[in-house]
Amino acid sequence: MAQDYVIQNLRPPVEFHIDYAKELNQQQHAAVTALPAPSLVIAGAGSGKTRTLTYRVAYLLEQGIPADRILLLTFTNKAAREMMRRVSDLLEGGLSLLWGGTFHSVGSRILRRHADRLGYRPDFTILDREDARALLKTCIEETKIEHASRFPKADVLANLFSLEINTGDPLSKILSEQYEYLEPFGEEISTVARAFTTRKQKTNVMDFDDLLSLWLKLLRENEDLLELYQRRFQFLLVDEYQDTNRLQSDLIDLLAKRHGNVMVVGDDSQSIYSWRGANFKNILQFPERYPGAQVYRIETNYRSTPEILNLANAAIASNTCQYAKVLKAVRPSGERPVVASCEDGRQQAEFVAQRALQLRESGISLNDMAVLYRSHFHALELQMELTRRQIPFTITSGLRFFEQAHIKDVSAYIKWIHNPADELSFKRIIQLLPGIGGKGAGKLWSAIQAKDTPEAPLNSQPLAPVVQGCARLAPKKAQAAWAQLSATLSQLEDLKDQPSAMVDLILEAGYTEYLQDTFPNFRSRQEDLAQLSTFALQFKTTDDFLTQLALVTNTESEDEAAAEEPEERIRLSTIHQAKGLEFPVVFLIMLCEGLFPSTRSMDRIDFEEEERRLFYVAVTRAMDHLYLSYPAVRMTAGNSGEMFQRRSRFLAELPEELVDTWNLRSSLF
DNA sequence: CGCGGAGACCTTTTT
DNA sequence: GGTCTCCGCG
Numbered sequence: 002m003a004q005d006y007v008i009q010n011l012r013p014p015v016e017f018h019i020d021y022a023k024e025l026n027q028q029q030h031a032a033v034t035a036l037p038a039p040s041l042v043i044a045g046a047g048s049g050k051t052r053t054l055t056y057r058v059a060y061l062l063e064q065g066i067p068a069d070r071i072l073l074l075t076f077t078n079k080a081a082r083e084m085m086r087r088v089s090d091l092l093e094g095g096l097s098l099l100w101g102g103t104f105h106s107v108g109s110r111i112l113r114r115h116a117d118r119l120g121y122r123p124d125f126t127i128l129d130r131e132d133a134r135a136l137l138k139t140c141i142e143e144t145k146i147e148h149a150s151r152f153p154k155a156d157v158l159a160n161l162f163s164l165e166i167n168t169g170d171p172l173s174k175i176l177s178e179q180y181e182y183l184e185p186f187g188e189e190i191s192t193v194a195r196a197f198t199t200r201k202q203k204t205n206v207m208d209f210d211d212l213l214s215l216w217l218k219l220l221r222e223n224e225d226l227l228e229l230y231q232r233r234f235q236f237l238l239v240d241e242y243q244d245t246n247r248l249q250s251d252l253i254d255l256l257a258k259r260h261g262n263v264m265v266v267g268d269d270s271q272s273i274y275s276w277r278g279a280n281f282k283n284i285l286q287f288p289e290r291y292p293g294a295q296v297y298r299i300e301t302n303y304r305s306t307p308e309i310l311n312l313a314n315a316a317i318a319s320n321t322c323q324y325a326k327v328l329k330a331v332r333p334s335g336e337r338p339v340v341a342s343c344e345d346g347r348q349q350a351e352f353v354a355q356r357a358l359q360l361r362e363s364g365i366s367l368n369d370m371a372v373l374y375r376s377h378f379h380a381l382e383l384q385m386e387l388t389r390r391q392i393p394f395t396i397t398s399g400l401r402f403f404e405q406a407h408i409k410d411v412s413a414y415i416k417w418i419h420n421p422a423d424e425l426s427f428k429r430i431i432q433l434l435p436g437i438g439g440k441g442a443g444k445l446w447s448a449i450q451a452k453d454t455p456e457a458p459l460n461s462q463p464l465a466p467v468v469q470g471c472a473r474l475a476p477k478k479a480q481a482a483w484a485q486l487s488a489t490l491s492q493l494e495d496l497k498d499q500p501s502a503m504v505d506l507i508l509e510a511g512y513t514e515y516l517q518d519t520f521p522n523f524r525s526r527q528e529d530l531a532q533l534s535t536f537a538l539q540f541k542t543t544d545d546f547l548t549q550l551a552l553v554t555n556t557e558s559e560d561e562a563a564a565e566e567p568e569e570r571i572r573l574s575t576i577h578q579a580k581g582l583e584f585p586v587v588f589l590i591m592l593c594e595g596l597f598p599s600t601r602s603m604d605r606i607d608f609e610e611e612e613r614r615l616f617y618v619a620v621t622r623a624m625d626h627l628y629l630s631y632p633a634v635r636m637t638a639g640n641s642g643e644m645f646q647r648r649s650r651f652l653a654e655l656p657e658e659l660v661d662t663w664n665l666r667s668s669l670f
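Note that our numbering has the first sequence beginning at 2, numbered continuously upward.
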């Protein structure tokens with residue numbers, strides 16, 4: 002059995018010759034070299050959070066802790082990969098045993114190993130948001146509900162369930178506090194919730210929340226596994242702790258219970274995910290939950306000029322619920338941030354484009370510039386302007402790469418082969434055939450289900466003959482396509498664990514043709530699919546491929562794609578997606594009341610403080626140049642009218658002497 | 001029952 | 001712009 006952590010029992014310490022005192026400042030150094038014990042690192046924006054964590058890992062390894070005893074939890078997979086790379090650089094390679102990733106990806110790995118304990122099989126499919134919603138929708142339809150027309154739609158319900166799981170509050174409490182108008186439906190909502198859970202288990206699929214809640218359930222209900230993982234993960238490092246929710250902090254607490262060797266790093270001023278159940282009180286109350294925890298504050302900012310930092314400090318000052326801290330700049334003085342008031346969205350777009358070109362003239366690469374905004378649609382006019390001027394840009398649009406219809410069509414084949422219980426995927430692929438719609442797909446699914454018997458479970462026999470056997474149930478119109486489908490499935494089954502080849506095969510076996518017949522823009526869709534095939538190349542198992550497909554965000558995949566081409570691009574991104582990044586030049590646009598802070602958030606309690614933190618995150622992305630802009634009038638959606646805008650309260654709060662104000666409106670007259 | 005076209009409606013933030 | 005819904009035709 003695994004031993005408790007005792008330094009003498011482990012490998013002899015390895016020396017990496019890192020002079021920690023020289024590489025780190027005093028506080029960072031203290032945090033990095035702290036003895037195993039709970040610790041909280043309050044690291045302000047741009048203060049070297051990643052650096053601290055990276056050196057911490059190196060330090061632990063140097064102390065003789067085997068890499069596989071360390072678990073690094075980050076907010077995105079990309080952040081984990083980046084940190085691993087840096088540790089690996091520091092230590093000159095050899096770190097394959099280090100575990101790191103998001104809660105979701107670590108959870109999915111652990112769940113695959115012990116799925117049977119939860120009534121799942123290890124080949125379970127991970128549903129993306131859209132699929133989870135579709136499944137929920139069928140559960141709603143199948144539950145007999147009075148006054149069904151007034152029953153909440155699937156996405157409202159999905160939010161509700163997600164909140165329930167992520168905050169740990171009972172449904173009744175959430176309903177009475179936040180969704181009063183749904184209280185009359187309480188009973189039926191619970192019925193749907195149960196049906197949804199059963200359905201997911203039966204079809205061997207998990208949604209994002211399940212990856213956390215089932216992980217927690219697994220540990221809570223299985224003493225042996227809890228002990229196994231408590232012993233295995235002797236050192237927990239958690240990044241972006243301010244954005245963890247109840248479920249995640251419970252997981253950490255449970256895993257750390259035996260050793261208490263947990264270091265959490267975060268900045269309460271940058272907590273921007275409360276709508277997803279994140280509870281930034283986790284970070285405020287950490288010292289109470291972990292008596293004896295050391296608290297380190299890193300308040301030196303290495304990223305921004307003093308001018309930008311002054312503005313950031315002023316921006317966050319109005320928030321009351323936080324660890325009071327003032328970031329100190331060490332960089333030399335630079336330009337004052339600019340507030341530009343523009344005529345309309347169009348002029349704002351021109352301003353950004355022009356300014357970007359001027360800065361480029363002065364020697365700054367487009368890669369070093371970012372335009373940030375509150376919501377995806379705020380960037381529409383800018384996209385048009387940049388396109389018109391042929392300024393290359395990357396945008397992480399609302400629609401994620403992996404969630405586009407054609408990508409999901411192709412992956413549905415692979416998903417179903419991999420997990421024959423996956424109802425959604427099966428229905429999706431057969432509805433691509435002519436003459437088969439929702440109803441027909443339902444019938445055919447039942448027919449397939451009938452072949453799934455205890456003596457001959459579907460997931461242990463070739464699927465192609467089963468599908469072929471159901472041919473007579475398919476409509477006449479679909480016969481040829483049906484035969485083709487079963488042939489394709491048969492070929493796919495031979496390509497087990499070659500996901501890229503599977504994608505290529507599906508394309509050749511008629512999907513490309515389908516694309517051409519269906520979509521006017523089939524060329525760009527074909528390119529996407531070629532990219533999918535390339536993406537799949539890096540995976541040795543179908544399992545890995547499908548897991549990553551579900552968990553990798555499009556910023557991550559786009560960054561990888563962009564890294565391969567030499568062209569410079571300015572980056573357009575929501576503030577949420579820019580979390581953790583930094584850019585020499587930042588444009589923050591659409592700073593109008595109603596847009597930022599967003600009216601959509603105003604029904605939430607404490608919305609203003611969270612929106613202000615978001616504003617703070619945005620301005621602290623900037624290293625050298627910061628431009629804040631807003632239009633005076635704006636087209637409103639739908640009725641093509643224009644509305645006068647007021648500048649955001651966050652701009653109004655800034656002391657005048659901290660910014661240069663440019664009035665681009667008056668220059669027109 | 002499937003499917004294509006027309007029109008309504010809506011766009012907060014996401015692992 | 002993109003998705004969802006409704007309607008009438010095959």
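Glycine included, every Cβ here is placed at the ideal spot set by N, Cα and C.
Inter-residue distance for A68 and L136 is about 40 Å (C-alpha atoms, whole angstroms). Apart from sequence neighbours up to five positions away, the residues of its chain that approach A537 with a beta-carbon distance below 7 Å are P500, S501, V504, F546, ordered along the chain.
Here G102 is bridged, per DSSP, to L74. Look at K416 here: in three-state DSSP terms it is helix. Contact between L237 and L256 is confirmed by a C-beta separation of about 6 Å, below the 8 Å threshold. Taking C-alpha positions only, L665 is separated from E351 by approximately 11 Å. Around the Cβ of V88, a 10 Å sphere holds 16 or more other Cβ atoms; the residue is buried. Annotation for R298: the continuous beta strand (DSSP E) segment containing it runs 295 to 299.
In this structure, DSSP gives Y324 a state outside helix and strand, which the three-state scheme calls coil. Between Q243 and G267, the gap from beta carbon to beta carbon is short of 8 Å. Within the stretch 335 to 389, complete alpha helix (DSSP H) segments of at least 4 residues are found at 346 to 362, 381 to 389, given in chain order.
Residue environment: A341 is assigned as buried (16 or more neighbouring CB atoms within 10 Å of its CB, all protein chains considered). In the DSSP assignment, F236 falls within the beta strand (DSSP E) that extends over 236 to 239.
At the C-beta level, V586 and D625 come within 8 Å of one another.
Non-local C-beta neighbours of A31 in its own chain, meaning closer than 7 Å and more than five positions away in sequence, comprise Y297, ordered along the chain. For the pair A451 and F584, the CB atoms are not nearer than the 8 Å cut-off.
Taking L217 as reference, the option from E63, I127, V107, G47 with the minimal CA-CA separation is V107.
Annotation for N223: R118 place their beta carbon closer than 7 Å to its own, counting only its chain and skipping 5 residues before and after. Here T489 is buried. Its C-beta has 16 or more other C-beta atoms within 10 Å.
Using a C-beta cut-off of 8 Å, the stretch 71 to 91 makes no contact with the stretch 176 to 187, since fewer than three inter-stretch Cβ pairs fall below that distance.
Remark: fewer than three beta-carbon pairs, one from each stretch, lie closer than 8 Å, so the stretch 282 to 301 and the stretch 601 to 621 are not flagged as touching.
D661 has V339 as its beta-bridge partners, per DSSP. Per DSSP, P153 lies in no beta strand (DSSP E) and is assigned neither H nor E. Taking all protein chains in view, the Cβ of M603 is surrounded by fewer than 16 other Cβ atoms within 10 Å, so the residue is classified as exposed.
For E178 and W276, the gap between their C-alpha atoms comes out near 14 Å. Per DSSP, G470 is one residue of the alpha helix (DSSP H) stretching across 464 to 470. A579 sits close to R622, with the two beta carbons spaced by under 8 Å. Considering only L367, A313, M385, the residue with the shortest C-alpha distance to Q348 is M385.
With 16 or more other Cβ atoms from the protein chains shown falling within 10 Å of its own Cβ, F597 counts as buried. Annotation: the continuous beta strand (DSSP E) that includes T395 extends over 394 to 396. It is roughly 11 Å from the alpha-carbon of H379 to the alpha-carbon of C593. Of the other Cβ atoms in all chains shown, 16 or more fall within 10 Å of the Cβ of L248; this residue is therefore buried. P585: member of the beta strand (DSSP E) spanning 584 to 589, first to last residue. Pairing L215 with L112, the inter-Cα distance amounts to about 8 Å.
The Cβ atoms of L367 and I571 sit closer than 8 Å to each other.
DSSP, read as helix, strand or coil, puts L655 in coil.
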